[in-house]
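Residues are numbered in my numbering as their position in the sequence shown, beginning at 1, plus a constant of 63. Here's the structure, in structure tokens; my notes come after.
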Amino acid sequence: MILSIIVIALALFIGFGFYQSSSLKNIQIIKTVSINTPKEKAFEMVKYLKNFPKWSPFLAQDSTQKYEVKGADGTVGAQYHWDGNKGKDLGYQEIKKIEEGKFIGMECDIQKPFKAKPTFDYYFTETATGVAVKQDFKVTSGAVDAFFMWLFGAKAAMEKTNQQGLDLLKAACEKS
Numbered sequence: 064m065i066l067s068i069i070v071i072a073l074a075l076f077i078g079f080g081f082y083q084s085s086s087l088k089n090i091q092i093i094k095t096v097s098i099n100t101p102k103e104k105a106f107e108m109v110k111y112l113k114n115f116p117k118w119s120p121f122l123a124q125d126s127t128q129k130y131e132v133k134g135a136d137g138t139v140g141a142q143y144h145w146d147g148n149k150g151k152d153l154g155y156q157e158i159k160k161i162e163e164g165k166f167i168g169m170e171c172d173i174q175k176p177f178k179a180k181p182t183f184d185y186y187f188t189e190t191a192t193g194v195a196v197k198q199d200f201k202v203t204s205g206a207v208d209a210f211f212m213w214l215f216g217a218k219a220a221m222e223k224t225n226q227q228g229l230d231l232l233k234a235a236c237e238k239s
């Protein structure tokens with residue numbers, strides 16, 4: 064009898080989890096930050112991957128992370144590779160598209176701790192006090208990955224990390 068109740072409760076939990084996690088199969092997080100700096104400066108900070116350590120939330124969370132830029136920095140095809148968290152985080156991001164002064168599109172290839180290919184699109188708009196930088200993050204995942212993202216609250220963690228990155232971008236641009 065107790066075993067039956069446990070099995071039914073577990074089945075209900077898993078069913079509820081898959082139902083709740085269905086909205087996490089396609090995640091889009093849009094964040095914007097206003098920076099008191101010329102638009103060109105913010106654009107260059109994002110375009111040149113050598114600058115990413117100045118505003119990387121991942122490096123801020125793991126100061127022992129190793130990284131390197133491959134390819135012609137600031138051009139389509141340039142890549143920022145990382146290896147962090149004692150070998151538990153591994154991947155790279157690549158510049159896929161540049162519209163000078165307006166847009167930078169990047170795609171990540173995350174290999175550890177899970178496999179994913181999120182995209183980061185950055186839009187730059189001049190304002191009266193500097194520049195607005197909009198980050199449009201997207202990631203698609205399967206049902207099982209979405210279930211575990213729901214279980215561990217991954218979307219909230221992603222939103223926090225993306226905001227941290229934009230805050231660090233603002234600080235890096237306004238500092239120098």
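Yeah, the Cβ is synthetic: ideal placement off N, Cα and C, and Gly gets one too.
Bounds of the alpha helix (DSSP H) holding Thr224 are 217-238. The C-beta separation of Glu170 from Glu157 comes to about 6 angstroms, placing the pair in contact by the 8 angstroms criterion. DSSP, reduced to helix, strand and coil, places Gln156 within a strand of the structure shown.
Annotation for Gln142: Lys133, Gly134, Tyr155, Glu157 place their beta carbon closer than 6 angstroms to its own, counting only its chain and skipping 5 residues before and after.
Thr138 is classed as exposed because its beta carbon has fewer than 16 other beta carbons within 10 Å across all chains shown. In the displayed model, Lys104 falls within a helix according to three-state DSSP.
For Ala123, the enclosing alpha helix (DSSP H) begins and ends at 120-124.
Non-local beta-carbon contacts of Asn99 in its own chain, meaning distances under 7 angstroms to residues more than five positions away in sequence, involve Thr192, Gly193, Glu237 in chain order. A check of alpha carbon separations from Gly164 across Met221, Lys110, Thr95, Lys223 identifies Lys110 as the nearest. One alpha carbon belongs to Ala234, the other to Phe177, and they sit about 30 angstroms apart. With respect to the C-alpha of Ala206, the residue from Asn89, Ala220, Ile71 having the closest C-alpha is Asn89.
The continuous stretches of beta strand (DSSP E) do not include Ala179, and DSSP gives it neither H nor E.
From the listed residues Gln198, Gln174, Gln128, Ser119, the smallest Cα separation to Ile93 is found for Gln198. Shown here, Asp136 sits in coil according to DSSP, grouped into three states, outside any helix or strand. Under the three-state reduction of DSSP, Lys117 is assigned to helix. Lys110 carries a helical assignment under DSSP once its states are collapsed to helix, strand and coil.
Between the alpha carbons of Gly150 and Thr127 lies a distance of about 10 angstroms.
Scanning its chain for C-beta atoms nearer than 7 angstroms, with the 5 sequence neighbours on each side dropped, one finds no residue around Ala72.
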